[in-house]
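*Asks:* Right, I'll just put the structure down here and ask away after.
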Amino acid sequence: MQPGPDLDFHEEEALGKAYDARLMRRLLRYLWPYRLRVAIAVVMLIAASGLELVGPYLTAVAIDRAIPARDLALLATLAGIYALALVLALLLSYAETLLTTWIGQRVMYDLRTEIFAQLQRLSLRFFDRNPVGRLMTRLTSDVEVLNELFTSGVVAIFGDVFTLVFIVAVMLAMSWKLALVAFTVLPLVWLVAYWFRTNVRRAYRDIRVRIARINAFLQERITGMSVVQLFGREGPELEKFK
């Protein structure tokens with residue numbers, strides 16, 4: 577039977593850098609075969625983000641011009657443009673979500689295929705040292721997390737950056753003094769984000785370690801259930817699982 581889940585997975589618990597450029601380049605190469613679709617998704621996301629920013633501008637025009645002048649025609653026109661912008665933004669967001677989900681699933685398929693092929697080339701000694709449940713975690717939940725990175729992170733960051741840059745530019749253009757006052761909270765936001773990121777990384781790593789140990793425990797006990805029942809170890813094994 578392979579090493580039990582009680583062993584200390586040092587490599588699991590060692591926290592690496594928050595951002596590793598070399599590792600990120602290795603991950604992004606899996607997106608290269610789908611670069612055209614990624615580019616289309618980025619364009620759709622930026623367009624949707626731009627359309628969502630139309631609302632505040634139209635609202636300002638309505639408050640400053642249409643409502644004081646009681647111009648119902650202008651107000652109706654602004655409302656129609658706003659509704660059209662919302663519909664277009666919704667359609668673009670829906671199409672972008674479908675496309676990025678497809679890309680993520682394809683990347684996840686490529687990753688799992690490559691990992692499984694690599695596992696078949698490893699020596700028997702490797703499988704003696706590593707519980708099968710831990711390897712299953714690599715093939716399933718860890719790859720699923722990478723799928724979320726590709727679908728919700730790599731593409732979405734372009735839309736977020738575009739929105740942020742546009743908002744900052746508009747704030748500076750309207751009143752740079754008020755904009756500078758608003759920017760005074762940025763150091764506090766950065767500190768909170770840094771604290772949150774650090775604690776979330778630790779919690780996430782702890783969850784990954786526990787999932788790997790649970791999978792290793794279940795794989796060993798289910799595979800060796802005949803031995804467990806033969807020696808009447810059902811109760812003690814249940815307590816270990818708890």
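According to the numbering used here, the stretch in the sequence shown is residues 577 to 818, in order.
The C-beta atom is built at its ideal place from N, Cα and C for all residues, glycine as well.
1) Could you tell me the alpha carbon to alpha carbon distance between Gln-578 and Leu-806, rounded to whole angstroms?
2) Where does Phe-734 sit, in a helix, a strand or coil, going by DSSP?
3) From the DSSP output, in three-state form, read off Gly-800 for me.
4) Ignoring anything shorter than 4 residues, give me the alpha helix (DSSP H) runs that lie fully in the segment 624–702, in order along the chain.
5) Just to confirm the assignment, what range does the alpha helix (DSSP H) spanning Gly-709 have?
6) Whether or not the segment 624–631 and the segment 734–743 are in contact is what I'm after, with contact meaning three or more pairs of Cβ atoms, one per stretch, closer than 8 Å; do they touch?
7) My output table needs one value for Ser-728: the three-state DSSP class, helix, strand or coil.
8) List the whole-angstrom C-beta distance separating Ile-679 from Phe-726, where the pair is believed to meet the contact cut-off of C-beta under 8 Å.
9) Please list the terminal residues of the continuous alpha helix (DSSP H) segment that includes Phe-817.
10) In whole angstroms, what separates the C-alpha of Gly-729 from that of Val-768?
11) Closest by CA to Gln-681, which one among Arg-797, Val-719, Ile-798?
12) Hey, Ala-617 and Leu-666: beta-carbon distance below 8 Å or not?
13) Short of 6 Å in beta carbon distance, which residues of its chain neighbour Trp-684, apart from the five on each side in sequence? Order them along the chain.
14) What did DSSP end up calling Ser-751 once you bin it into helix, strand or coil?
15) In terms of alpha-carbon separation, which member of Thr-673, Arg-786, Ala-615 lies closest to Gly-709?
16) Among the candidates Arg-602, Val-630, Gly-631, Thr-673, whose CA atom is the shortest distance from the CA of Met-620?
17) Start and end of the alpha helix (DSSP H) containing Leu-604?
18) Which same chain residues end up closer than 7 Å to Leu-634 when comparing Cβ atoms and leaving out the 5 residues on each side of it in sequence?
19) Between the alpha carbons of Met-801 and Arg-809, how many angstroms are there, rounded?
20) Measure the alpha-carbon distance for Asp-584 versus Leu-740 and round it to whole angstroms.
21) Do you know how far the Cα of Arg-701 is from the Cα of Val-614?
*Replies:* Quick answer:
1) Here residue 578 is taken as the residue at index 2 of the sequence shown, counted from 1. Here residue 806 is taken as the residue at index 230 of the sequence shown, counted from 1. Model confidence at Gln-578 stands at a pLDDT of 42, short of 50, so the residue's coordinates are unreliable; what they give is reported in the following sentence. Straight-line Cα distance between these residues: approximately 19 Å.
2) Indexing the sequence shown from 1 puts residue 734 at position 158. Reduced to three states, the DSSP call for Phe-734 is helix.
3) Taking the sequence shown and counting its residues from 1, one reaches residue 800 at position 224. In the structure shown, Gly-800 sits in coil (DSSP, three-state: anything other than H, G, I, E or B).
4) 630–637, 648–697
5) Position 133 of the sequence shown holds residue 709. It spans 708–713 - the alpha helix (DSSP H) in which Gly-709 sits, taken as one unbroken run.
6) yes
7) Residue 728 sits at position 152 when you count from the first residue of the sequence shown. Note: Ser-728 maps to helix in three-state DSSP.
8) Taking the sequence shown and counting its residues from 1, the one referred to as residue 679 is at position 103. Taking the sequence shown and counting its residues from 1, the one referred to as residue 726 is at position 150. Contact holds; Cβ gap of about 6 Å.
9) Reading the sequence shown from its first residue, position 241 is the one you call residue 817. Phe-817 -> alpha helix (DSSP H) spans 810–817.
10) Along the sequence shown, one-based indexing puts residue 729 at 153. Along the sequence shown, one-based indexing puts residue 768 at 192. Going from the Cα of Gly-729 to the Cα of Val-768 covers about 20 Å.
11) Along the sequence shown, one-based indexing puts residue 681 at 105. Comparing Cα-Cα distances from Gln-681 to each of Arg-797, Val-719, Ile-798, the minimum goes to Val-719.
12) If you number the sequence shown from 1, residue 617 lands on position 41. If you number the sequence shown from 1, residue 666 lands on position 90. Contact flag unset, no.
13) Locating residue 684 in the sequence shown gives position 108, counting from the first residue. According to the sequence shown, residue 684 is Met rather than Trp. Excluding positions up to five away in sequence, the list reads Val-719, Asn-723.
14) As a first step, residue 751 is located in the sequence shown; it is residue number 175 there, counting from the start. Here DSSP, grouped into helix, strand and coil, assigns Ser-751 to coil.
15) The residue given as residue 709 occupies position 133 in the sequence shown. Minimum Cα distance to Gly-709 is reached at Arg-786.
16) Stepping through the sequence shown from its first residue, residue 620 is reached at position 44. Of the listed residues, the one whose Cα sits closest to Met-620 is Thr-673.
17) Position 28 of the sequence shown holds residue 604. First-last of the alpha helix (DSSP H) with Leu-604: 597–604.
18) To locate residue 634, count along the sequence shown from 1; it is residue 58. Short of 7 Å from the beta carbon of Leu-634, and not among the five residues preceding or following it, lie these beta carbons of its own chain, in chain order: Leu-654, Ile-657, Tyr-658.
19) Numbered from 1 along the sequence shown, position 225 holds the residue referred to as residue 801. Numbered from 1 along the sequence shown, position 233 holds the residue referred to as residue 809. Taking the straight line joining both Cα atoms gives about 9 Å.
20) Reading the sequence shown from its first residue, position 8 is the one you call residue 584. Reading the sequence shown from its first residue, position 164 is the one you call residue 740. Because Asp-584 sits at a pLDDT of 42, beneath the cut-off of 50, its placement in the model cannot be relied upon, and the point is left open.
21) If you number the sequence shown from 1, residue 614 lands on position 38. If you number the sequence shown from 1, residue 701 lands on position 125. Looking at the two C-alpha atoms, the distance is approximately 40 Å.
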